[in-house]
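Student: Residue numbers (the numbering used here): 2 to 288.
Mind having a look at this structure? Questions to follow.
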């Protein structure tokens with residue numbers, strides 16, 4: 002009877018002890034995981050709030066800066082997605098997701114997943130390149146708008162008929178140049194950049210040549226008539242002190258220069274008349 006009781010007591014302990022230890026380990030692990038999950042939830046909530054707030058602040062600040070720098074520089078040749086509001090949204094979204102990924106990495110790190118933590122760390126380290134990509138694109142957008150607006154105004158002053166085409170081509174070249182620079186920040190297109198740079202160089206050279214030709218044409222249009230008149234001043238019938246009528250201007254010539262002449266009206270008002278007007282209008286010498 003004694004031997005049988007000892008055997009039963011031994012068998013019960015051999016069953017209860019492992020079961021108790023397993024349950025203890027399970028509850029300990031569950032409590033630890035519950036603590037980690039609570040920590041993860043708190044970190045993610047804080048990250049969500051921080052990302053929204055930071056992204057919103059950056060977006061509003063970027064919009065104000067871009068609106069100031071591009072005020073009065075919008076034109077019909079602007080491309081979709083190149084407006085200050087859309088660019089500001091892109092910058093804000095980039096910053097917002099950078100904050101999100103930072104807090105997601107912190108949450109995953111709390112769960113002690115080594116492989117996932119390493120992957121998110123690599124992604125987070127790549128984000129600055131993405132921010133540089135966006136910033137370069139925005140800078141290119143601002144510069145293209147300034148150049149396009151300036152070129153458009155200058156061509157309109159000279160009454161050039163195809164100004165929109167030249168402005169559009171100029172802006173496309175600037176956009177593509179900055180895009181090719183920006184995309185290298187993402188580690189993409191490094192092999193094709195030399196080809197693009199060569200193509201852009203030829204495009205810029207052609208553009209500069211066309212600009213020089215157009216500018217020279219406008220300049221010669223104004224200078225040549227004056228130069229011709231200047232060379233023939235001794236043979237010209239026009240003399241200082243003569244009274245003439247040129248278009249709707251009537252008065253006495255008080256100065257006869259190379260590129261212009263000055264006519265004084267009866268009321269003492271002096272009118273500067275470009276020499277090219279002598280070619281384009283009828284001149285009457287009055288007694």
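Beta carbons are placed, not taken as given, at the ideal position from N, Cα and C, and that holds for glycine.
Owing to the predicted nature of the structure, the values given are computational and were not obtained by experimental measurement.
Comparing alpha-carbon positions, which option in 35, 136, 172 lies nearest residue 151?
Tutor: For this step, residue 151 is matched to residue 150 along the chain shown. It is 172.
Student: Using the Cα positions of residue 271 and residue 154, report the straight-line distance between them to the nearest angstrom.
Tutor: Position 270 of the chain shown, counted from the first residue, corresponds to residue 271. Position 153 of the chain shown, counted from the first residue, corresponds to residue 154. Distance between the alpha carbons of residue 271 and residue 154 is about 29 Å.
Student: Excluding sequence positions up to five away, which residues of its chain have a Cβ less than 8 Å from the Cβ of residue 51?
Tutor: Within the chain shown, the letter at position 50 stands for residue 51. 100, 104, listed in sequence order.
Student: Sort 43, 147, 88 by Cα distance to residue 65 and report the nearest one.
Tutor: The count along the chain shown starts at 1 and reaches residue 65 at position 64. Of the listed residues, the one whose Cα sits closest to residue 65 is 88.
Student: Does the Cβ of residue 183 have 16 or more other Cβ atoms within 10 Å, making it buried, or fewer, making it exposed?
Tutor: If you number the chain shown from 1, residue 183 lands on position 182. Buried: at least 16 other Cβ atoms inside 10 Å.
Student: Is it true that the CB of residue 40 sits closer than 9 Å to the CB of residue 96?
Tutor: Taking the chain shown and counting its residues from 1, one reaches residue 96 at position 95. Taking the chain shown and counting its residues from 1, one reaches residue 40 at position 39. For residue 96 and residue 40, no; Cβs fall outside 9 Å.
Student: So is residue 241 buried or exposed if we call it buried at 16+ other beta carbons inside 10 Å?
Tutor: Within the chain shown, the letter at position 240 stands for residue 241. Residue 241 is exposed by the Cβ-count criterion.
Student: Just to confirm my understanding: we take residue 86, look at its own chain, exclude 5 residues before and 5 after, and list those with CB closer than 7 Å. What are they?
Tutor: To locate residue 86, count along the chain shown from 1; it is residue 85. Taken in chain order, the residues that qualify are 64.
Student: Thinking C-beta only, is residue 286 closer than 9 Å to residue 244?
Tutor: For this step, residue 244 is matched to residue 243 along the chain shown. For this step, residue 286 is matched to residue 285 along the chain shown. Yes, they are a contact pair.
Student: Out of curiosity, what's the CA-to-CA distance linking residue 169 and residue 149?
Tutor: Residue numbering aside, residue 169 sits at position 168 when the chain shown is read from its first letter. Residue numbering aside, residue 149 sits at position 148 when the chain shown is read from its first letter. If I take the Cα positions, the gap works out to 7 Å.
Student: For residue 265, list the residues DSSP reports as bridge partners.
Tutor: Counting from one through the chain shown, the residue named residue 265 turns up at place 264. Residue 265 pairs with 253, 271.
Student: According to DSSP, which residues form a beta bridge with residue 245?
Tutor: Mapped onto the chain shown, residue 245 falls at position 244. 252, 286, per the DSSP bridge assignment.
Student: Along the chain, where does the alpha helix (DSSP H) that runs through residue 238 open and close?
Tutor: The sequence position of residue 238 within the chain shown is 237, counting from 1. Residue 238 -> no alpha helix (DSSP H), and no H or E assigned at all.
Student: With respect to the alpha helix (DSSP H) encompassing residue 177, which residues constitute its N-terminal and C-terminal limits?
Tutor: Taking the chain shown and counting its residues from 1, one reaches residue 177 at position 176. Where residue 177 is concerned, the enclosing alpha helix (DSSP H) stretches over 164 to 184.
Student: Just to confirm before moving on: does the CB-CB distance between residue 58 and residue 92 stay below 9 Å?
Tutor: Indexing the chain shown from 1 puts residue 58 at position 57. Indexing the chain shown from 1 puts residue 92 at position 91. For residue 58 and residue 92, no; Cβs fall outside 9 Å.
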